[in-house]
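*Asks:* Quick one: structure below, then a few questions.
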Amino acid sequence: MHRNLKNYIGSILFTSLLATTACSSSTPTSTIGDTSTPTPANQTPATQATKVIKGGPLEVGALWPEGSDNFKAVQRVGDNLAKQFSGTLMTYTFSNTKARPQLELRWKSGDPLDVDNIFNGANASSYHWVEEGQLKNITDTLKTTKRSDYDGKTWEDSIMPLFRSFSQYKGQYYAVPDQAIVLGLYYNKKMFEQHGLKPPATWDDLIQVSAALKAKGVDPIAVTGTNNGYMGMWWDYLLQREVGTQAVMDVAWGNKKAADNPGFLRAAKKLEQLVSDGDFLKGFEGTDFTGAQTEFFRGKAGMILMGSWLVGEMKQSIPADFQIGIVPFPTIPGGQGDQKGVLGTVFQWSTANKSKNPDLAVEYLRTLTSKEEQTVRSKDLGFISPYEGVPTPASIPGLDSMLKDAANASLTYYYYGIIFDKQRADAWYLPVTHLYFKSVKAEQMVQEIDTNLTRLRGQ
């Protein structure tokens, strides 16, 4: 991630889900052994805490609805704590998008959750929680705690370097990472092998592979025409290769114009080529994102650019014999941007300074990030762990090599943070949608973006 971009980035939003609180009158309080997903055998804290940890009430955020596999994973960590520390009573409070305003009011009134997804080092709008003293500084804990499950490394060193800055503010840790998200180019591995094709490594490769798939009667690329951000993934990645992240931020969040940098027009023309060549899914204009993903898994399209949530999100709809692969977004030889960079993010969990049981809250984070728990989440949920030595999801072949390549590059906040600012997102992505729908050409798209952003800056 580019640390000098933080002041530009908007707030993180998650998919809207139903609220759930495990100890409320309408839902049961989690107790030992009440989850349908078994606790990993012999799961214990990675190292013995130096402090005496006492059981007691602990309220943690949950991003997923009760009963889901993801919720059961959250509950499993709490159940493990309850087994270790007598008197522990876990409460799981819905902490996703619709619940955020109410939860933030609780933080401001001095009644925060003990553990919450309230901070991200790439999200400048979350910094005030640190500046106001709301979050526990866990830097010393991460730097001194030895993790036996990570070969004796400190907690900090057990986190892959690529992901560490997402947990930091001015070099200090105020969160721990739990799940990484990366955007990559998925392809139908079985289909490619049947047609003697290799996944594209360069932009020219992509054009050639697309032509070959069309010759076989297959739409090359699945995409939705009803979600501007998903269509915008192609534009965003093209820009990372053509001009680089800083140049994008200077235009999207600064005062520079896209038309003044020839790389923006080169990127727009490449996107226009995909449109004019008919490389996107037939009928994509009216296909929602679930429909587009379904068409990919039905073999109607050979590739799809999507986040690493794809397989977990669609697992109920994936045919048993489907073989999937993933590769980085194609490079552009001669491009002035980052040819190995990856777009993505990391989900974080913080503890409150005003937690009623701060030691137990930190122990929850330690159990959550144990190698055993992280491995189970990778295997069962398809999560990408930001921790060293945890296998990548076996359900996504090629992901390990993709992350290995990115380790020496950069992880840039996905959508450059633009999608989370409604007015800015419209200014940036609506012209891209117009290009997809053939109502503008590449030059017009770039000019429209500049016009929109100029108007936005004047407000």
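Per my numbering, the very first residue in the sequence shown carries number 284; after that it's consecutive. All residues carry an ideal CB built from backbone N, CA and C; glycine is no exception.
Helix, strand or coil: how does DSSP classify M284 here?
*Replies:* With a pLDDT of 40 at M284, under the threshold of 50, the modelled position of this residue cannot be trusted; read the value that follows with caution. In this structure, M284 counts as coil in the three-state DSSP scheme.
*Asks:* Under 8 Å by Cβ, that's how I've got A458 and Q657 pegged, so tell me the actual separation to the nearest angstrom.
*Replies:* The Cβ separation is near 16 Å, so there is no contact.
*Asks:* Thinking C-alpha only, which one of R359, E387 and E525 is nearest P616?
*Replies:* Ranking the options by Cα distance to P616, first place goes to E525.
*Asks:* Considering only residues of the same chain and omitting the five flanking positions on each side of R549, which have a CB-CB separation below 7 Å?
*Replies:* Here the set comprises E525.
*Asks:* If you draw a straight line from the alpha carbon of P444 to that of A690, how long is it in whole angstroms?
*Replies:* Their backbone Cα atoms lie some 8 Å apart in a straight line.
*Asks:* Considering only DSSP beta bridges, list what R430 is partnered with.
*Replies:* Answer is K436, bridged to R430.
*Asks:* Taking a contact to mean a Cβ-Cβ separation below 9 Å, would you say D461 touches V629 in this structure?
*Replies:* A contact, by the Cβ cut-off of 9 Å.
*Asks:* Could you tell me whether the Cβ atoms of T695 and Q451 are closer together than 9 Å?
*Replies:* Contact flag unset, no.
*Asks:* Who are the Cβ neighbours of M516 in its own chain at under 7 Å, not counting the five residues just before and after it?
*Replies:* The answer, listed in chain order, is L466 and L588.
*Asks:* In three-state DSSP terms, what is F630?
*Replies:* Reduced to three states, the DSSP call for F630 is strand.
*Asks:* Cα-Cα, which of A542, A677 and G393 is closest to I607?
*Replies:* Considering only alpha carbons, the answer is A677.
*Asks:* Let me check understanding here. Comparing Cα to Cα, which of F605, F449 and D399 lies closest to G627?
*Replies:* Comparing Cα-Cα distances from G627 to each of F605, F449 and D399, the minimum goes to F449.
*Asks:* Taking the C-alpha atoms as reference points, what is the distance between W412 and M597?
*Replies:* About 35 Å.
*Asks:* Of the choices D733, G741 and T652, whose alpha-carbon is the least far from that of V534?
*Replies:* Closest by alpha carbon: D733.
*Asks:* Hey, S591 and I701: beta-carbon distance below 9 Å or not?
*Replies:* Taking 9 Å as the Cβ cut-off, S591 and I701 do not qualify as a contacting pair.
*Asks:* Specify whether the region 657 to 674 and the region 705 to 723 touch according to this definition: at least 3 beta carbon pairs, one from each stretch, less than 8 Å apart.
*Replies:* Output reads no: the region 705 to 723 does not touch the region 657 to 674.
*Asks:* Pick out whichever of K436, P483 and N400 has its Cα sitting closest to the Cα of P384.
*Replies:* When each option's Cα is compared against that of P384, the closest is N400.
*Asks:* On the three-state DSSP scale, how would you describe C306?
*Replies:* Low confidence applies here, because C306 scores a pLDDT of 34, under 50, leaving its location unreliable; read the following figure in that light. Coil, per DSSP.
*Asks:* Sorted by chain position, which residues of the same chain lie with C-beta nearer than 7 Å to E555's C-beta, five sequence neighbours on each side aside?
*Replies:* Excluding positions up to five away in sequence, the list reads L718, K724 and A725.
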